[in-house]
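Here the structure is laid out as structure tokens; the discussion comes afterwards.
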Ligand SMILES: NC(=O)c1ccc[n+]([C@@H]2O[C@H](COP(=O)([O-])OP(=O)(O)OC[C@H]3O[C@@H](n4cnc5c(N)ncnc54)[C@H](OP(=O)(O)O)[C@@H]3O)[C@@H](O)[C@H]2O)c1
């Protein structure tokens, strides 16, 4: 599988990435068991077999068990670590779970440092390749974040930094204080969350009926800074609108692939070079998605899918 640059720093990763949120046995307090480890191992091995070497985590996925189970796989087979790019995130604290009673965002330096140490211990590794700030924290102080990044870099704990769910202004604000360029911005993008393209054509359009909630200029800001845009929920968890579903199925029949592959191909066709983060835990669905790399949607088919998903003609 093609390798792509993750940001301007020279780091590389597979065109399609594996999202690990579904690993670890779910959002519950049940301890990780052998079946969870076996599931994680199957997914990692299937991904590597398909050429996918990029794995996305967050500290608290499955109540911290996603990283834990992944770490158990790495402990069993230490040679895997050198074959993969490991990304995790920090900044969301879940109420009742993370030493806080009310859940909140926390991009203070002390929380960032504490969170990374927790991720490294669970993942059984001495460094993360990429750390993302999971969500913008209204109380974030760019200079403080820059200091945390500096000490993580100097300690060899994190190689590169990025963000998630941040808009253009937040990226500019942070970047002005950071020593190094941000490498990624992970956003919810799919045919079910198509406002990243819709906002570009409904701008200044008085008759629009759809609510457009994507901040104008975010995609452009990332592209001009060579920040890799990653898509979370690229399959929308399988929850397509009826229009999107039938368009995906029809396109899938035309190209002799499953609808999942078309959902991936639709993202890949966008010139921003989006890296889909596939959240399936099933090797067969992963393989079906990878077929999307072989589908090149022409302008008309790409637009037809978009129109079917948005539920109305373009302005
Ligand atoms: N940055 C953020 O704020 C953020 C937020 C959420 C997620 N993420 C990251 O993005 C990754 C992907 O996100 P995601 O897992 O929410 O979305 P996804 O990749 O769109 O969907 C994967 C989930 O949907 C299920 N699914 C997919 N297609 C289906 C179908 N046709 N029928 C039934 N179920 C289907 C999968 O089940 P199976 O396992 O059974 O295939 C899996 O649970 C996560 O793993 C995580 O790494 C980031």
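Numbering (our numbering), first residue to last: 4 to 318. Backbone N, C-alpha and C fix where the C-beta goes; we use that ideal spot for every residue, glycine too.
Item to check | Extent of the continuous beta strand (DSSP E) to which residue 125 belongs | outcome: Indexing the chain shown from 1 puts residue 125 at position 122. It is not in any beta strand (DSSP E) - residue 125 instead sits in the alpha helix (DSSP H) that spans 112–126.
Item to check | Nearest neighbour of residue 316, chosen from 226, 20, 201 [CA to CA] | outcome: Translated into positions along the chain shown, residue 316 becomes position 313. Residue 201 is the option with its Cα nearest to residue 316.
Item to check | Between the CA atoms of residue 58 and residue 86 - distance to the nearest angstrom | outcome: Taking the chain shown and counting its residues from 1, the one referred to as residue 86 is at position 83. Taking the chain shown and counting its residues from 1, the one referred to as residue 58 is at position 55. So the alpha carbons of these two residues sit roughly 11 Å apart.
Next on the checklist: Give me the residue from 122, 176, 269 with the minimum Cα distance to residue 155.
Outcome noted: In the chain shown, residue 155 corresponds to position 152, counting from 1. Comparing Cα-Cα distances from residue 155 to each of 122, 176, 269, the minimum goes to 122.
Checklist entry - CB-CB under 8 Å to residue 94, same chain, minus the five flanking residues each way: which ones, in chain order? => result Taking the first residue of the chain shown as 1, we reach residue 94 at position 91. Within the same chain, residue 94 has close Cβ partners 108, 109, 110, 114, 115, 118, 136, 137, 138, 140.
Checklist entry - Taking the beta strand (DSSP E) that residue 90 falls in, what are its first and last residues? => result The sequence position of residue 90 within the chain shown is 87, counting from 1. Note, residue 90: beta strand (DSSP E), 88–93.
Next on the checklist: With distance defined between alpha-carbon atoms, name the residue in 142, 194, 230 nearest to residue 165.
Outcome noted: If you number the chain shown from 1, residue 165 lands on position 162. Closest by alpha carbon: 230.
Checklist entry - Bridge partners of residue 131, per DSSP? => result Reading the chain shown from its first residue, position 128 is the one you call residue 131. Paired residue(s): 161.
Next on the checklist: Using only CA atoms, which one of 247, 52, 185 lies nearest to residue 324?
Outcome noted: Examination of residue 324 is not possible in this model, given that the chain is present from 4 through 318 alone.
Next on the checklist: Could you tell me which whole beta strand (DSSP E) segments of length 3 or greater appear in the region 269–296?
Outcome noted: Positions of the beta strand (DSSP E) runs, each at least 3 residues long and wholly inside the region 269–296, are given as 278–281 in order along the chain.
Item to check | Euclidean distance between Cα positions of residue 208 and residue 306 | outcome: Within the chain shown, residue 208 is the residue found at index 205, counting from 1. Within the chain shown, residue 306 is the residue found at index 303, counting from 1. Using only the alpha carbons, I get a separation of about 19 Å.
Item to check | Helix, strand or coil at residue 21 according to DSSP, with G and I counted as helix | outcome: Reading the chain shown from its first residue, position 18 is the one you call residue 21. It is a strand residue.
Checklist entry - Where does the unbroken alpha helix (DSSP H) through residue 231 begin, and where does it stop? => result For this step, residue 231 is matched to residue 228 along the chain shown. Premise fails: residue 231 lies in the beta strand (DSSP E), 231–235, not in any alpha helix (DSSP H).
Next on the checklist: Need the endpoints of the alpha helix (DSSP H) that residue 39 sits in, please.
Outcome noted: Residue mapping note: residue 39 aligns to position 36 of the chain shown, counting from 1. Going by DSSP, residue 39 is part of the alpha helix (DSSP H) stretching over 37–52.
Checklist entry - Using a threshold of 8 Å, is the CB atom of residue 324 nearer than that to any non-hydrogen atom of ligand 1? => result Absent from the model: residue 324. The displayed extent of the chain is 4 to 318, so no value can be given.
Item to check | The beta strand (DSSP E) enclosing residue 1, as first and last residue numbers | outcome: Nothing can be reported for residue 1: it is not among the residues displayed for the chain, which extend from 4 to 318.
Item to check | Residues sharing a beta bridge with residue 8, DSSP | outcome: Counting from 1 along the chain shown, the entry for residue 8 is found at position 5. DSSP output for residue 8 lists 15 as bridge partner(s).
Next on the checklist: Measuring CB atoms only, is the region 271–287 touching the region 22–41, in the sense that at least three cross pairs come out at less than 8 Å?
Outcome noted: Enough Cβ pairs lie closer than 8 Å, so yes.
Checklist entry - Are the region 215–222 and the region 189–200 touching by the rule of at least three beta carbon pairs closer than 8 Å? => result For the pair of segments examined, the region 215–222 was found to touch the region 189–200: the number of CB pairs separated by less than 8 Å reaches three.
Checklist entry - For ligand 1, any of its heavy atoms closer than 8 Å to the Cβ of residue 105? => result The count along the chain shown starts at 1 and reaches residue 105 at position 102. Ligand 1 has no heavy atom closer than 8 Å to the beta-carbon of residue 105.
Checklist entry - Which of helix, strand or coil does DSSP assign to residue 199? => result As a working mapping, residue 199 is identified with position 196 in the chain shown. Residue 199 falls in the helix class under three-state DSSP.
Next on the checklist: Does the distance between the C-beta of residue 280 and the nearest non-hydrogen atom of ligand 1 fall short of 8 Å?
Outcome noted: Within the chain shown, the letter at position 277 stands for residue 280. The answer is yes for residue 280.
Next on the checklist: Between residue 195 and residue 243, how many whole angstroms is the CB-CB distance? I'm expecting something under 8 Å.
Outcome noted: For the purposes of this step, residue 195 is taken as residue 192 along the chain shown, with counting starting at 1. For the purposes of this step, residue 243 is taken as residue 240 along the chain shown, with counting starting at 1. Yes, residue 195 and residue 243 are in contact; Cβ-Cβ is about 6 Å, under 8 Å.
Checklist entry - Can you list, in chain order, the residues of its chain whose CB lies under 8 Å from that of residue 248, leaving out five sequence neighbours each side? => result Indexing the chain shown from 1 puts residue 248 at position 245. Closer than 8 Å at Cβ, skipping near neighbours: 262.
Next on the checklist: Looking at residue 382: is its Cβ nearer than 9 Å to the Cβ of residue 183?
Outcome noted: The chain is shown only over 4 to 318; residue 382 falls outside these bounds and no answer can be derived.
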